Structure formats: C-alpha cells, structure tokens
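>
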Amino acid sequence: MGNSQRTLYRTLVLCLCISGSALAMPPEGPPRLLSASHEAYANAMLSGGPGKDGIPAIDSPRFSDAASADAYLEPQDIVFGVYHQGQARAYPQRILVWHEIVNDTLGEDGLSISYCPLTATAVGFKRGATSLGVSGKLLNSNVVMYDRASDSHWSQIAGVAIDGPAKGRSLEEVRVVWTTWARWQARHPQTQVLTRATGALRNYNRDPYGSYLPLQGYYAAPGLMFPVMHQDSRLPAKRMILGFRSERVAIAVDRAHLREQAVLHYRHGDEYFLIIRDEQLDTGWAYRSDTPIELDPANLRFTAEGPQAAELEGLEPLNAFDAMWFAWYAFYPQTVLLDGSHAP
Amino acid sequence: MVRTPPSWPLIGALALLYALLYLYAIGDLDFGRVEWSWQALDWQWQRLLARRGPWHFEAVAMLELGVLVLLLSPANLALASVLALLLAINLHGALALRASAQCSLSQGAASSAGLWPALLAGGACCAPSLLLVMGIPGLGVFVGLFAWLLPLSLLLLVLSRCWQRRRGAPRVLWLL
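Those sequence lines, one after another, are chains A and B.
For the first sequence, the numbering used here gives the first residue as 52, with consecutive numbering after it.
For the second sequence, the numbering used here gives the first residue as 32, with consecutive numbering after it.
1. Rounded to whole angstroms, what is the Cα-Cα separation between methionine 93 (chain B) and histidine 135 (chain A)?
2. Between which two residues does the beta strand (DSSP E) containing isoleucine 106 (chain A) stretch?
3. What's the C-alpha gap between isoleucine 120 (chain B) and phenylalanine 62 (chain B)?
4. When the Cα of valine 314 (chain A) is compared with those of A:Glu298, A:Ala301, A:Arg290 and A:Glu345, which residue comes out closest?
5. List the residues of chain B that arginine 257 (chain A) touches, going by C-beta distances under 7 Å, in chain order.
6. Measuring only the C-alpha atoms, how far is glutamine 312 (chain A) from glycine 100 (chain A)?
7. Taking C-beta to C-beta, are proline 77 (chain A) and arginine 178 (chain A) nearer than 8 Å?
8. Please list the partners that valine 100 (chain B) has in chain A, where partner means a Cβ-to-Cβ separation under 9 Å.
9. Give the secondary structure of valine 300 (chain A) by DSSP, where H, G and I count as helix, E and B as strand, and everything else as coil.
10. For the segment 88 to 98 of chain A and the segment 114 to 124 of chain A, state whether three or more C-beta atom pairs, one from each stretch, are separated by less than 8 Å.
11. Confirm, please, whether the CB-CB distance from valine 185 (chain A) to aspartate 104 (chain A) is below 8 Å.
12. Quick check for students: name the residue ranges of the beta strand (DSSP E) that lie wholly in the segment 237 to 272 of chain A, counting only runs of 3 or more.
13. Counting C-beta neighbours from all protein chains within 10 Å, is the total for phenylalanine 173 (chain B) 16 or more, i.e. buried, or is it exposed?
14. So, with DSSP's three-state summary, where would you put glutamine 207 (chain A)?
15. Span of the alpha helix (DSSP H) holding arginine 197 (chain B)?
16. For glycine 80 (chain A), return the contacting residues in chain B, with the cut-off set at a CB-CB distance below 8 Å.
17. Counting only C-beta atoms, is proline 101 (chain A) closer than 8 Å to chain B at any point?
18. So, phenylalanine 377 (chain A) versus leucine 309 (chain A), is the Cβ gap smaller than 8 Å?
19. DSSP state of histidine 89 (chain A), grouped into three classes?
20. From this set, B:Leu117, B:Pro105, B:Ile42 and B:Arg129, which residue's C-alpha is nearest tryptophan 76 (chain B)'s C-alpha?
21. With a threshold of 8 Å between beta carbons, is serine 115 (chain A) in contact with chain B?
22. Short of 8 Å in beta carbon distance, which residues of its chain neighbour glutamate 15 (chain B), apart from the five on each side in sequence? Order them along the chain.
23. Let me confirm a value: tryptophan 74 (chain B) is counted as buried when at least 16 other C-beta atoms fall within 10 Å, else exposed. Which label applies?
24. Along the chain, which unbroken stretches of the beta strand (DSSP E) at least 3 residues long are found entirely within the segment 321 to 392 of chain A?
25. Might you give, ordered along the chain, the residues of its own chain that have their beta carbon closer than 6 Å to the beta carbon of alanine 248 (chain A), omitting 5 neighbours on each side?
26. Arginine 129 (chain B) versus chain A: which residues are under 7 Å apart at the beta carbon?
27. With a 10 Å radius around its C-beta and 16 neighbouring C-beta atoms as the bar for buried, classify arginine 328 (chain A) as buried or exposed.
28. Taking Cβ-Cβ distances shorter than 7 Å, what residues in chain A pair up with glutamine 214 (chain B)?
29. Out of A:Arg226, A:Val225 and A:Val211, which one is the CA nearest neighbour of glycine 219 (chain A)?
30. Just curious, the beta strand (DSSP E) that tryptophan 76 (chain B) is in, first and last residue?
31. Using the beta-carbon count (16 or more within 10 Å), is serine 163 (chain A) buried or exposed?
32. Note down, in chain order, every chain A residue with its Cβ under 8 Å from the Cβ of glycine 97 (chain B).
33. Does the segment 322 to 338 of chain A come close enough to the segment 263 to 275 of chain A to have 3 or more Cβ pairs within less than 8 Å?
34. Would you say leucine 388 (chain A) and arginine 285 (chain A) are within 8 Å of each other, going by their C-beta atoms?
35. Output, in sequence order along the chain, the residues in the segment 173 to 195 of chain A whose CB is closer than 8 Å to any CB in chain B.
36. Looking at C-alpha atoms only, which residue of A:Trp229, A:Ile146, A:His319 and A:Gly137 is the closest neighbour of leucine 293 (chain A)?
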C-alpha cells in the first residue's frame, strides 16, 4: 500500500468514526435561550469532588408495580414522574440522589432522566442511541453530564453541550414532574416504579444532602456550596420555583405563588404565556403563543397527559421543571420572576 | 505521679473506634431504621477497585441489620485498617514515651494530628460529606484539595511515628 493510499484509508476511517459518533449523539433539540457563551460555561465548570462516573448512572433500570413500591415508599416521598408514549414511570428521589441519571427506555424512545440534588432540578432528555453519564463536574452548582458517544459535556439546566464534539447542540427535553408518591400514584395508578436493584450498592434510606421532610441539611441551609455565575436576593437561594424558557425569555414562577392561582398569564413582548396549576400533582404546566391566550379555568380537566381544554389546542407546550431559585438565576440572570409582588 | 505502661486492649478499642468513625465518615457505615437483609453484587475482580472518588471505593456487598447499614468494600476496609493500625502504633508510642517521662501530654496530643484529615475526607454524592454537613458556603472551590486529605493523614501518622522512634519509643512491628 502506497503512502497516498494509506493516507486516504486513514482519512476514510477518521471520517467514519466522526460521523459514527455524530450519529450516535443525542437527537438535536430546539434552539434554546442561553445567557452566556458555550466557552464561558465551559470555563466556569469545576470539579464537584467525585470523578467521572464516581456517581454511577443507572444503565439497566428495573421497575416494579405501584403495589410493590408501597412497601418502601412513603406517601410523602418525592418522586420524579414521567408520562411518555402512554407509559407512566416514577423515579424515587431517594434513589436518584445517589445516581443522578437513569438511562431508560419508554415506548420507542431512549430517555435519560436526570436529577441534580444541589439545584433540585429533575429534567428528562431524549438520549437517542447513546446514554448519559455523570461527569463529576458542576456548572453553577448544577450537574454536568457527558454523552458516551462523543464524550461531550452537557449542562442539565441549560440543556446544551458546552464543549466537546457536540458543543452547541441542544437536547430535546421530556417533562419530568416533581411530586410526591401519593400524588403521582393517584394520577397514574398503573405507574411503574424504579426499584433499588440499580446495579450499585447504596444506602437508599439516607439522603446524604439532608431531608425534604422535614426540610433539613443542604436543602434548608441558606448558603451555596459552589460558586455561581450570577446571584440575586429577591427570593431565598433555595426557594423552589417552576422555570421554563422560550427562545427569547426565561420565566420563573415562585411555587408558593403558583399554589394560590388556577392559571397565570404573562406577556413578554409579542409572546404570550399561560401557566396552569395542577393541584393534584402540585405542579404547573406552561404554554406559549404568538397571540393572546383565552382560557376559562372551569373548562380545564386533567388526564394522564396533563391539562386538557379546547383552548389549549394550537398552543406551544413548553417544558417546565422545578429548580432552586439560585440555580435558575445563575443560568438566566435576565429571567422574569412571577412571585405575585408585581402585577404581570 | 504514677505513669502506667500502654494498655493494648484500650489501644485496640480506640483503634477500632477510629476505623468505625472513618467508615461512618465515608458513608460505608450508617445508622437508622432499616430491614434485615444482605445484598451482594455478582463477583467480578474489577469491582474490588472500582472507585467512587479519590481514595473511596465501591462496595461489593451491603448488610442491613435493623438499625445499622454496612457497605462492604474491601479497599475501604483495608484503608480503614491501615489508618487504625497506624493510630494504634502512635498511641502505643505516645503512652510509652509518657510513661518514661520523655513526652508531655501536649506533645502526645500533637502527634495525633494525623488522625483528623482522613475523617474529613469522607465522600457523598456531589461533594464531600463534610461540606454538606457543615454547610460552609463557597467551600466547594477547594473540593480538589479534599482528595489529599487521606494521604495527608497517612503521611502525618507515619511522620509522628518516626518522631516517636527518634525519641526512644519502643519498636512495635519490625518496621515501626
């Protein structure tokens, strides 16, 4: 084989490798609001302590039915609920706090359900043929994931790759509901529940960060542990908000304020937003439109898919997720805050 | 004042307590209401040295004993044993020197400086458990330094033992 042939062969192999890893990357999500460049995010990453995969993602999750899960879950235990392609699954917080990512499959979609205890964010992503792992790095105190096809780093809250071959790509999000086991089970009696057979040994009876009931430890402490890019004092740092964003604006709704409303309307420029409170799950659902939104709350009913009403047809559903205020603000310092203090 | 010679049962008990404290600090030993059960992972050699973090290794079995949870990691147990052994030898040396009036109580206490860093290095999930428990704001930027706490403990314990030997403490093992 001559030199030119060898070079051609090597180039072909390299191209195949690169295109192969690109194909295996998670599917591209919609363009997403970013308040800093990818480079700025990459530079702000720092080690969280454990190394890559020191926090082991669950790659072969096992599930039980609701009746079996009752044996180890209390009604008030926090679960992260996903309803996707007609299937309901609950991921107990007491398990995910030790693993942070579950690489699961629902229907025909490979999904990664991620949870960051430091920022109280649970977000689902379509992972395609690859899977996500815990990089051991943090950005704004929030977990940074990596994909096993290209080894790129992905920010959970921003939902984008901040370095590596996938840099600039966004992930397609899937709604994850932060609720309690009793509430999720009432909405989805046929739900499956992640079991403690995770492939790793952990003390799932203890949350190393503290407790949500009663609120203790890191979750109650006012201080932050890791540096963040932006800080704000309008709400206590660890106060829970429901956050969502369009291409142009990020909006945070104080969870306490949302509990007092049936629906919230907000206009930002020529974008119209509607937030519907879901009393049964104690969460909210967000929608966007280019035209004013009319909705009579009396017409709302809630099914496994979420809120249903004729007026919701044609609106763009936006993924929303709970977060600690400090974390949302660190990523979106221009965020709108809906907390009832000002009329929107 | 009557100075008593070192008591091995007392030293052994303190060393065992220290090993348990170390296992508690890294999360391999915990208390709380749990079931009675036993779990073990499928046997694979590489599991023995699978790392959870710097100087922190994965468990291969877990015991739940009603009020106590024990994660069994051979590597973590070995590290706990080495630390406890070094502590025992240091304690023996300090007590022996004090019995022969060659070392004051404060000098003996100073030689125990090596005990503490390892207890502070314990791992949790996103951050060392010490940071989580103490909730010291902003301490996370120093998280990389926590990887050095266990080697620091080992080094300090060895150095203090060398200092004791130079002061005339009796040899306990063939090397120390």
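Note that beta-carbon positions come from the ideal geometry of N, C-alpha and C, so glycine has one too.
It should be emphasised that the depicted structure is a prediction, and the values quoted were computed from it without experimental measurement.
According to the structure data:
1. Those two C-alpha atoms are separated by around 34 Å.
2. Premise fails: isoleucine 106 (chain A) is in no beta strand (DSSP E) and is neither H nor E.
3. Approximately 29 Å, taken between the alpha carbons.
4. The shortest CA-to-CA distance from valine 314 (chain A) to any of A:Glu298, A:Ala301, A:Arg290 and A:Glu345 is the one to A:Glu345.
5. Asp61 and Gly63, listed in chain order.
6. Their Cα atoms are separated by approximately 41 Å.
7. In contact: proline 77 (chain A) and arginine 178 (chain A) (Cβ atoms closer than 8 Å).
8. Here the neighbours are Asn254, Asn256 and Arg257.
9. Coil at valine 300 (chain A), not helix or strand.
10. With the cut-off at 8 Å, the segment 88 to 98 of chain A and the segment 114 to 124 of chain A do not touch.
11. It is a contact, given that the beta carbons lie within the stated cut-off.
12. If only uninterrupted beta strand (DSSP E) runs of at least 3 residues are considered, those enclosed by the segment 237 to 272 of chain A are 243 to 245, 261 to 263 and 266 to 268.
13. Residue environment analysis places phenylalanine 173 (chain B) among the exposed positions, since fewer than 16 neighbouring C-beta atoms fall within 10 angstroms of its C-beta.
14. Glutamine 207 (chain A) falls in the coil class under three-state DSSP.
15. Run containing arginine 197 (chain B): 180 to 197, per the alpha helix (DSSP H) assignment.
16. Within chain B, no residue comes near glycine 80 (chain A); the closest Cβ sits about 25 Å away, beyond 8 Å.
17. It does; some Cβ of chain B falls within 8 Å.
18. Between phenylalanine 377 (chain A) and leucine 309 (chain A), the CB-CB gap reaches or exceeds 8 Å.
19. Per DSSP, reduced to three states, the secondary structure at histidine 89 (chain A) is helical.
20. Of the listed residues, the one whose Cα sits closest to tryptophan 76 (chain B) is B:Pro105.
21. No, serine 115 (chain A) does not count as interfacial toward chain B.
22. With chain B covering only 32 through 207, there is no way to say anything about residue 15 (chain B).
23. Around the CB of tryptophan 74 (chain B), fewer than 16 other CB atoms lie within 10 Å, so the residue is classed as exposed.
24. Within the segment 321 to 392 of chain A, the complete beta strand (DSSP E) runs of at least 3 residues fall at 322 to 329, 334 to 340, 352 to 354, 357 to 359, 367 to 369, 372 to 375 and 387 to 389.
25. Once the five neighbours on either side are set aside, the close Cβ partners of alanine 248 (chain A) are Arg113.
26. Within chain A, not a single residue places a beta-carbon under 7 Å from that of arginine 129 (chain B); the smallest gap is close to 39 Å.
27. With 16 or more Cβ atoms within 10 Å of its Cβ, arginine 328 (chain A) is classed as buried.
28. Lying outside 32 to 207, the shown extent of chain B, residue 214 (chain B) is not represented and no answer is given.
29. Comparing Cα-Cα distances from glycine 219 (chain A) to each of A:Arg226, A:Val225 and A:Val211, the minimum goes to A:Val211.
30. No beta strand (DSSP E) holds tryptophan 76 (chain B); DSSP gives it neither H nor E.
31. Buried, by the Cβ-count rule.
32. Per Cβ cutoff of 8 Å: no residues; glycine 97 (chain B) is ~12 Å from chain A at best.
33. Segment contact: the segment 322 to 338 of chain A against the segment 263 to 275 of chain A, fewer than three CB-CB distances shorter than 8 Å; contact not assigned.
34. Cβ atoms of leucine 388 (chain A) and arginine 285 (chain A): closer than 8 Å.
35. Of all residues in the segment 173 to 195 of chain A, Leu189, Ser192 and Val194 have a Cβ within less than 8 Å of some Cβ in chain B.
36. Looking from the CA of leucine 293 (chain A), the closest CA among A:Trp229, A:Ile146, A:His319 and A:Gly137 belongs to A:Trp229.
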